[in-house]
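Novice: In my numbering, the protein residues as written are 15 to 156.
Note that the Cβ used here is the ideal one computed from N, Cα and C, for glycine as well.
Remember, it's a predicted structure, so these values are computed and weren't measured experimentally.
What follows is a single structure, and I will ask about it in a moment.
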């Protein structure tokens, strides 16, 4: 896991942990904080958010001041460890290390880039790494 300095006027924190390729990490931060892909999600204060595939917590950090509570679900062990570090101080974020799926059993996450971590159940090219993860249904989660 890498602890990096973040220096951009639209990103409200200075350090963040991640296990990702630097370009992938920069793209994620830009999509969330600079391009504001999730801006429409800020329609109502004190909402309950469900972040499936929470990754390293960028979206959780984006919504933390709007949310009554955020359920951050991340199956990849390395991303989950970074998610914990990046969101540890926020009491309105609960972190869950499994995947939401249509079944209650183990599933396989795949990485298709040698510089990334397993992040997909549906690889679009040959997998270079894989990780077994717990999967549960949305009904079981709630």
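Thinking C-beta only, is residue 149 closer than 8 Å to residue 115?
Specialist: For the purposes of this step, residue 115 is taken as residue 101 along the chain shown, with counting starting at 1. For the purposes of this step, residue 149 is taken as residue 135 along the chain shown, with counting starting at 1. Yes, Cβ-Cβ distance for residue 115 and residue 149 is below 8 Å.
Novice: What three-state label does DSSP hand residue 71 in the structure shown?
Specialist: Numbered from its first residue, the chain shown carries residue 71 at position 57. DSSP places residue 71 in coil when its eight states are reduced to three.
Novice: Threshold first: 4 residues or longer. Then list the alpha helix (DSSP H) segments lying entirely within the region 52-111, N to C.
Specialist: Whole alpha helix (DSSP H) segments, 4+ residues: 72-77, 91-101.
Novice: Which residues does DSSP list as the beta-bridge partners of residue 32?
Specialist: Counting from one through the chain shown, the residue named residue 32 turns up at place 18. BP columns for residue 32 point to 16.
Novice: So what's residue 120 in DSSP terms, helix, strand or just coil?
Specialist: Taking the chain shown and counting its residues from 1, one reaches residue 120 at position 106. Residue 120 falls in the strand class under three-state DSSP.
Novice: DSSP has residue 147 in a bridge; who is on the other side?
Specialist: By one-based count along the chain shown, residue 147 stands at place 133. 121, per the DSSP bridge assignment.
Novice: Find the nearest neighbour of residue 33 within the set 99, 120, 151, 103, judged by alpha-carbon distance.
Specialist: On the chain shown, position 19 is the one that residue 33 refers to. The candidate whose alpha carbon is nearest that of residue 33 is 99.
Novice: With DSSP as the reference, label residue 41 as helix, strand or coil.
Specialist: Taking the chain shown and counting its residues from 1, the one referred to as residue 41 is at position 27. Correct three-state label for residue 41: helix.
Novice: Closest by CA to residue 2, which one among 38, 36, 72, 60?
Specialist: Any question about residue 2 goes unanswered here, given that the chain covers just 15 to 156.
Novice: Am I right that residue 91 and residue 144 are in contact with their C-beta atoms under 8 Å? What's the rounded C-beta distance?
Specialist: Translated into positions along the chain shown, residue 91 becomes position 77. Translated into positions along the chain shown, residue 144 becomes position 130. Contact flag wrong, Cβ pair sits at about 12 Å.
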